[in-house]
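Protein chains in written order, with the working numbering: chain A, 3 to 394; chain B, 97 to 583; chain C, 133 to 407.
The structure under discussion appears below in the form of structure tokens.
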Amino acid sequence: MEVILSVLQVLTHLFYFAIVLFGLEACLYWLLYRQQNSLYWPITAAMGLAGGLLYAGFFAGGATLAAGNIVIGVAVGVVSSSLFGLFCRRYMQDKHYRLALMFLAPAILIVSILIIYPFFFELSLAFSNLNLYTVGGWMAGKDLKFVGLDNFANVFTTSPLQTVTFWELFIRTIIWTVVNIVLHVGFGLMLALLLNKRIPGKGIYRTLLILPWAMPQVVAVLSWRGEFHPQFGSINAILNVFGMDAINWWSDPTPVFLSCIIVNVWLGIPFMMIVFLGGLQSIPADLYEAAKMDGASKWQEFRFITVPMLKPVVVPSVVLGTIWTFNNINVIYLMTGQSGGNEFADILISALYKSAFTYSRYSFAAAFAVVIFLILLSFVVFWMKITKGADD
Amino acid sequence: MLESGKALPSATRIGAAVESSPNQPGNKRCQRDTGIRLCDTMLRHRKRLYRRNAMQTTPSCRKPSHRFRCARWFAVAAGLVGLIASCSGQKSEQKNGDEGAAKSAAGPTTTLVLWEQDADIKDTFAAVIKTFETANPGIKIKSSNYANEDLRTQFQTAAIAGGGPDMVWGPTDIAGPFSIAGIIQPVGSWIKPGDFSALALQAVTDGSGVIWGVPVSTGNHLMLLSNKKLVAEPPKTLEALVAVAKSQSDPAANKYGFAYNLNEPFWFVTFLGGHGERVLSGTAPTLSTPAMSSALSLVKKLKFDDKIVPPDCDYDCADTLFKEGNVGMIINGDWSLPVYQKALGDDLVISPLPQIEATGKYMSPMVSGKCLFVNKKVKGARLDAVKKFVLHMVSTETQRQMVKRTKRLPSLKALQDSAVVNADPLLAASARALVHGQPMPMAVELRVVWDAIRPQLQEVMAGRADPGTVGAAMQKNAETKIKEMKQ
Amino acid sequence: MAKREDTWWAHALLVGGCILCILPLLRIFSVSLRPGDKLLATSLDVIPKGATFESYVQVFSDTLFLRWLVNSLILSFLTAAISVALSATAAYALSRYRFPLRKSVMVFLLASQMIPVVVLLLPLYFLLQNMHLLNTYSGLITATCVYTIPFSVWILKGYFDTIPRELEEAGKVDGLSDVGAFWRIVVPLSVPGLSIAGLFSFTTVWNEYIVARVILQESEFYTWPIGLFELQGDFNTRWGMFAASSVMVTIPVLGVFLYSSRWLLSGLTAGSVKG
């Protein structure tokens, strides 16, 4: 019975989605393709009106439907839709531009709505002083103090945890990201190349090698944490078998970090492997045959055929993988014992989480997040300039 | 190579177009780089794809009447789905109920939302709620479970946004941040403080005497647990404990006589209490004291000199060893008693933490408990319903039931030394272990103190720091963090 | 008859990799069989002493596990479908049409991934509350689409780039519209890319905890990660049930992978060639 209700609810939501999508595309269609229609401006204005009413009534006010809210909403709606109509008339005459807009709109809209407002909210928080002590006043309507760049100065000069500094964290994060990505790509490529050959049992290998990605990440990390236990874990047991000393994976600084890297590499390889495998399969076998007829060695084949043809698939994965690894909080947080753990393996994001959320330092966290964002943004822009990754 | 079968005018037209125009850029590349065979493959694929199209003269949706036909079907389908959806939507809206908006309950049934963090006592909780609902037909309680830290962060987020549940059931230490953030309301005006035991009430009262939550159970305290099979009689002093443990330990064979969560401050403060010190004085940390150095030296000695504890013991390690019967004595809290009772049965012996002969003081665990908090935004008729529920939870009868089933000590003064507690040897022993406890301060600075102690404690326990000097570092860190928290 | 390329070292490496991948799962399996909720153990047996399936039974009887699994399945499939559909159209536009701000859009999509999600929880809560999307499937789908769409767009753009435009032009000669060219030509040829994007979205939603925790507030709507953490007490975690549910949760994902692998890795040579 509950399942039926669930299913009905799902259908409801699908329906809402479809309605929103349809509405969006219909509005765009009108704005872009029906510009010669005599009712263009009235209907555009009507769309703005409807949008404004919807916003004021449904979103911004809820129960407290103030007249002021409605008027503002409607005015903003009408003005913005008229402006957009003007924009479309002036710039969107090219057929391709229109199509591109209609194709792009839903995806960009979803991403923007849930990113733009929070981002600007956080940006404003970064310049104010919202913390546990001021949040009560803020809820009651009092304004927050503008503190300028104080929070940013704190991010760089004070320690987010007990003794570790921002620069230490930064360097550790860089090492973490680089080592992880290199190993992910390296091992992923190697496994993909192996699985691309004609060997028996390929299906079984593929299924088993997917396991790290398929398993719930939290459980896998906790399980690995158990493996690294200095007394009862299997890693030290294996080391003992080979005659080496047991390493204190939980309390010594470098082994803690090393264990986190090992676990993250283990977690990330299957994903890269699958992406490379898909890319490898799209390279026609004839190219290799032709190369072999020309007398190319395996290495030359790899360098001149495989690598260039994998590029369009590899580049986005590497860029996104870098961003995700840089901001990967789960592995470090869980491997070092969660909020009661040590700070030897912390990277920027986990230090941010531990320090800011334990003490509800919202503004500090916002400033820290903006700093991380700027670091990543500069890296990506720099990378894209170098590799011209967006050009193909 | 070529598709045999029906004549496909357009497809062959494409094929002919492709093959006969070497000046087509794609064609040239195709033949030069990839060989004839591949072009044929591409051709085959194109034909396969276009077969459907090629059978008609024009694609269907291009004709105006066809376009409307498509749209008509879509409209009908949308309408049907919408009809079904709106019916179910209403049903699910009712099911969701009110998320706890600030308006008072409209209609005869008030649904109170409660967030709790106590999955362990789920069944008892459900039973108590049912009793309440039957006695009060106009009020329904909807409870959701949240994990540890999540309860704190999620409630804070929701309450700041003006939403959130009406009540929160959680450990007493969350009263600190919640009271400062202004998201819970004081309850002193409608409960009878005299009804509750001093220890229980102190955990939810702040420096100025305002009571922020209603204690429903007391405890959460550490005690000495031993296995009768290995340790005939639990030691009463720490020195005796060391002697007993030494006789059972063999570090070379990875066997130890004593285990506890080595690096966690919650366990460490018991040793500190045994040297007569507390970590907080009001809201100021007091970490740089001679007692701190002595306590640190003591725990270091237990690990390195006496070698009676496993070198890297954390909570799970001690827990597992005790359950397996591989260690004779551990320090653990009242939450673990039911589990150990199941695992060890009659071999489980509970005793208060031992006395440190050198100082003459008993090791002192922190005592807190669970309590109910009320969201600040709850007002009017809704608040009355909440009050009814809360008072029901701390009524004598309900407390008796909960004590019996959850094996947690009651918060009501009247029940402290009562039959229901004494009848159960587990509870009686647990109550005895409370005697030398210290109340856990509600102040939010306690969290800072934990975080300041922890890394230094770990360094001492790893042999990398000197017990005499880390106290100053702890104090400095704690003070810095407290200052930063207020910035 | 294709030549078999197996060499002993290839097999050795693959087997080594598989063992490494299976190890933690075996450990979790043995924890789930262990009576008494012991996470660590002094012995390294896979099948522990006194092994029992009690934890598995308890998971179904003590918790709403089945309901959580069903919720997760529904949400994951829905999000994967919606996310892939939206990303495919967006990626097509980015790949085929040159319009101003094209590069900015791509950088914007990347940039949306750069802000740590933990920091965005407070404004996200405000936003979703105002949009009345809290505690609903729509809210969770929307919030997760934000994280799956950028990657899907980038990877699908890469796949679309490898499909030569001549195919679509030929189709337009035949009378297909632009949308038709996309739907009838490009989409069937890029099924591997679409499956990767779909799998990625599926796995992301399946494992999602942080955002799901904020949005879903009632037990009946919980996805399995939220439900799983119900088993983690203050200090006392019910490791047996934790491990048992983890084992059971892995199975549907493996099933989805196995089923979709036939799209992922077959028939790619025809057509998706960099001409």
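By construction, the Cβ of each residue, glycine as well, lies at the ideal position given by its N, Cα and C atoms.
Practice task
Could you name the residues of the stretch 293 to 304 of chain C whose beta carbon sits closer than 9 Å to any beta carbon of chain B, in the order they occur along the chain?
Solution key: Pro296, Arg297, Glu298, Leu299, Glu301, Ala302, Gly303
Problem - Sequence-distant residues of its chain with Cβ nearer than 6 Å to Glu360 of chain B (five each side left out) - result: none
Handout entry: Cut-off 6 Å between Cβ atoms - residues of its own chain near Ala183 of chain C, not counting five sequence neighbours on either side
Key = Leu165
Practice task
Under 7 Å between beta-carbons, which chain C residues line up against Val246 of chain A? List them in chain order, please.
Solution key: According to the sequence provided, residue 246 of chain A is Met. The question's Val does not apply to it. What Met246 of chain A touches in chain C: nothing, since even the nearest Cβ is about 17 Å away.
Exercise for the section: Anything in chain A within Cβ reach of Thr335 of chain C, meaning under 9 Å, just list it in chain order. Expected result: Trp215, Ala216, Phe273
Problem - Partners in chain B for Glu340 of chain C, counting only beta-carbon separations shorter than 8 Å - result: Residues of chain B passing the Cβ test: none, with the nearest at roughly 14 Å.
Practice task
Would you list the one or two residues that DSSP bridges to Met319 of chain B?
Solution key: B:Asn428
Handout entry: Contact set for Leu511 of chain B: own chain, Cβ-Cβ below 8 Å, skip 5 residues either direction
Key = Thr492, Gln495, Arg496, Val499, Val517
Practice task
Identify each residue in the stretch 155 to 187 of chain C for which the Cβ-Cβ distance to at least one residue of chain B is less than 9 Å, and report them in chain order.
Solution key: Pro167, Gly168, Asp169, Lys170, Leu171, Leu172, Ala173, Thr174
Practice task
Output yes if chain A places a C-beta closer than 9 Å to the C-beta of Pro273 of chain B; else output no.
Solution key: yes
Handout entry: Simplified DSSP state of Lys351 of chain B, which is helix, strand or coil
Key = strand
Problem - Lys503 of chain B to Asn316 of chain B span [Cα, whole Å] - result: 11 Å
Handout entry: the stretch 353 to 360 of chain C contacting the stretch 199 to 210 of chain C, beta-carbon criterion three pairs below 8 Å
Key = yes
Problem - Neighbour flag for Asn316 of chain B against chain A, beta carbons, 9 Å - result: no
Handout entry: Straight-line gap, Leu379 of chain A to Phe122 of chain A (C-alpha atoms, nearest Å)
Key = 16 Å
Handout entry: CB contact below 9 Å: Trp252 of chain A versus chain B
Key = yes
Exercise for the section: Could you tell me the distance, in whole angstroms, from the CA atom of Ser293 of chain B to the CA atom of His488 of chain B? Expected result: 17 Å
Exercise for the section: Would you list the one or two residues that DSSP bridges to Ala380 of chain B? Expected result: B:Ser377
Practice task
Kindly list the residues whose CB is nearer than 6 Å to the CB of Pro214 of chain A, restricted to its own chain and excluding five residues on each side of it in sequence; keep chain order.
Solution key: Trp268, Leu269, Pro272
Exercise for the section: Could you tell me which residues DSSP puts in a beta bridge with Gln364 of chain C? Expected result: C:Thr369
Practice task
Identify the contact partners of Arg345 of chain C in chain B, using a Cβ-Cβ distance below 7 Å as the criterion.
Solution key: Asp246, Gln250
Practice task
Please list the partners that Ala222 of chain B has in chain C, where partner means a Cβ-to-Cβ separation under 7 Å.
Solution key: The premise fails here: Ala222 of chain B is roughly 11 Å from chain C at the closest Cβ pair, so nothing lies under 7 Å.
Problem - Pair within 9 Å by beta-carbon distance, Pro282 of chain C and Leu322 of chain A - result: yes
Handout entry: Ser215 of chain C versus Phe334 of chain C - alpha carbon distance
Key = 9 Å
Problem - Where the beta strand (DSSP E) through Cys467 of chain B begins and ends - result: 462 to 470
Practice task
Determine, using beta carbons only, whether Leu171 of chain C and Asp415 of chain B come nearer to each other than 9 Å.
Solution key: yes
Handout entry: Of the residues A:Trp226, A:Thr389, A:Leu195, the one placed nearest Thr139 of chain C, counting alpha carbons only
Key = A:Leu195
Exercise for the section: For the alpha helix (DSSP H) holding Thr327 of chain A, just list the boundary residues, first then last. Expected result: 309 to 328
Practice task
For Thr338 of chain A, name the three-state secondary structure that DSSP assigns.
Solution key: coil
Practice task
Please name the residue, chosen from A:Val372, A:Ile118, A:Arg36, that lies closest to Phe154 of chain A on a Cα-to-Cα basis.
Solution key: A:Val372
Exercise for the section: Check Thr294 of chain C in the structure and name its three-state DSSP category. Expected result: coil
Exercise for the section: Would you mind sorting Lys473 of chain B into buried or exposed? The rule is 16 or more other CB atoms within 10 Å of its CB. Expected result: buried
Handout entry: Pairwise C-alpha distance: Ser377 of chain C and Pro202 of chain A
Key = 33 Å
Practice task
Using the Cα positions of Ile264 of chain A and Leu252 of chain C, report the straight-line distance between them to the nearest angstrom.
Solution key: 29 Å
Exercise for the section: Leaving out five residues on either side along the sequence, give the residues of the same chain with a beta carbon under 7 Å from the beta carbon of Ile183 of chain A. Expected result: Val320, Gly323, Thr324, Thr327
Practice task
Write down the C-beta distance between Met319 of chain B and Pro434 of chain B rounded to the nearest angstrom, noting that I regard them as a contact closer than 8 Å.
Solution key: Wrong, their Cβ atoms sit about 14 Å apart, outside the cutoff.
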